[in-house]
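K.L.:
Residue numbers (the numbering used here): 7 to 213.
1. Unbroken alpha helix (DSSP H) runs of length 4 or more, entirely within the region 21 to 59: which are they?
2. Would you kindly work out how many angstroms separate the C-alpha atoms of residue 35 and residue 203, rounded to a whole number?
3. Are the CB atoms of residue 125 and residue 71 within a distance shorter than 8 Å?
4. Using a Cβ-Cβ cutoff of less than 8 Å, which residues in the same chain neighbour residue 174 once the five nearest sequence positions on both sides are dropped?
5. To the nearest angstrom, how far is the alpha carbon of residue 114 from that of residue 154?
6. Under 8 Å, do residue 136 and residue 146 count as touching if we go by C-beta distance?
7. What residue does the alpha helix (DSSP H) around residue 168 start on, and which one ends it?
8. Please report the Cβ distance between residue 138 and residue 83, rounded to the nearest whole angstrom; I am assuming they are in contact, meaning their Cβ atoms lie under 8 Å.
9. Give me the Cα-Cα distance between residue 188 and residue 61, rounded to the nearest whole angstrom.
10. Given residue 159, which residues of its chain have a CB within under 8 Å of its CB, disregarding the five upstream and five downstream residues?
11. Identify the continuous alpha helix (DSSP H) that holds residue 117 and give its terminal residues.
12. Would you identify the three-state DSSP class for residue 140, choosing helix, strand or coil?
13. When the Cβ atoms of the region 12 to 20 are set against those of the region 31 to 47, are three or more pairs found closer than 8 Å?
14. Using C-beta distances below 6 Å, list every residue in its chain close to residue 132, excluding the 5 sequence neighbours before and after it, in chain order.
15. If you count every other CB in all the chains shown that lies within 10 Å of the CB of residue 67, and 16 or more means buried, which is it?
16. Shortest alpha-carbon distance to residue 182 belongs to which of 165, 192, 127?
17. Just reading off the alpha helix (DSSP H) that residue 19 is part of, what are its end residues?
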């Protein structure tokens with residue numbers, strides 16, 4: 007779906023539905039990173055500029071949705087992630103690295119979570135990993151909230167001040183997200199490939 011199609015869809019809704027759609031989209035982007043949450047937020051900002059809705063309402067909607075999404079991912083990691091990686095098939099994806107992840111979050115967890123919203127695709131993994139390593143929940147949510155406010159506040163500010171150049175802002179954010187999502191996908195493929203190779207190597211050495 008193109009930005010123009012998203013924009014027309016948002017325009018066609020009443021204010022309450024727009025806010026609900028923005029909230030749901032911000033939530034979905036955490037669960038399914040390829041979901042165009044930023045494009046939808048930018049469309050909301052544009053519609054706010056036309057006077058149909060309020061800028062503050064747009065910001066509150068996306069911040070609330072993003073924060074709830076991050077909390078859900080943390081809960082997934084906290085509830086079953088660690089057990090899965092320690093005893094299930096997933097142990098081959100992180101075997102030997104769980105203690106490293108714990109040390110990483112102990113040293114740099116605050117920074118990782120604080121910049122997480124600026125890392126499309128990767129931010130979902132950061133939230134899940136925070137749950138897996140038992141990072142402090144309240145601290146995680148506060149830092150996540152700050153990160154989401156800064157990111158979306160920046161996008162909102164760019165749309166407000168870009169005026170006739172707003173399409174350029176949309177394209178820049180779109181390209182930024184695509185590049186980082188591609189990098190995240192490549193890292194995931196390499197990680198899984200390495201884990202499979204190690205598993206096969208260990209299996210051969212034991213046979």
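Just so you know, even glycine gets a beta-carbon here, dropped at the ideal spot from N, CA and C.
P.N.:
According to the structure shown:
1. 21 to 37, 43 to 56
2. Within the chain shown, the letter at position 29 stands for residue 35. Within the chain shown, the letter at position 197 stands for residue 203. Whole-angstrom Cα-Cα distance: 31 Å.
3. As a position in the chain shown, residue 71 is number 65, starting the count at 1. As a position in the chain shown, residue 125 is number 119, starting the count at 1. Not a contact, by the Cβ cut-off of 8 Å.
4. Residue 174 sits at position 168 when you count from the first residue of the chain shown. Excluding residues within five positions, the ones whose Cβ falls inside 8 Å are 168.
5. Residue numbering aside, residue 114 sits at position 108 when the chain shown is read from its first letter. Residue numbering aside, residue 154 sits at position 148 when the chain shown is read from its first letter. Computed Cα separation, rounded: 18 Å.
6. Within the chain shown, the letter at position 130 stands for residue 136. Within the chain shown, the letter at position 140 stands for residue 146. Result yes, Cβ atoms of residue 136 and residue 146 sit closer than 8 Å.
7. Position 162 of the chain shown, counting from 1, holds the residue named residue 168. Per DSSP, residue 168 belongs to the alpha helix (DSSP H) from 143 to 168.
8. Against the chain shown, residue 138 aligns to sequence position 132. Against the chain shown, residue 83 aligns to sequence position 77. Correct: roughly 4 Å between the Cβ atoms.
9. Walking along the chain shown from the start, residue 188 turns up at place 182. Walking along the chain shown from the start, residue 61 turns up at place 55. Approximately 31 Å, taken between the alpha carbons.
10. Position 153 of the chain shown, counted from the start, is the residue given in the question as residue 159. Leaving aside the five residues that flank residue 159 on each side, the residues in its chain whose CB is nearer than 8 Å to its CB run, in chain order, 65.
11. One-based indexing of the chain shown puts residue 117 at position 111. Here the alpha helix (DSSP H) through residue 117 covers 104 to 120.
12. By 1-based counting over the chain shown, the position of residue 140 is 134. Correct three-state label for residue 140: coil.
13. yes
14. One-based indexing of the chain shown puts residue 132 at position 126. Only 118, 122 meet the Cβ criterion.
15. If you number the chain shown from 1, residue 67 lands on position 61. So residue 67 ends up on the buried side.
16. Here residue 182 refers to the residue found at position 176 when the chain shown is read from its first residue. If we check each option's Cα against that of residue 182, 127 comes out closest.
17. Working through the chain shown from its first residue, we reach residue 19 at position 13. Run containing residue 19: none; DSSP gives neither H nor E here.
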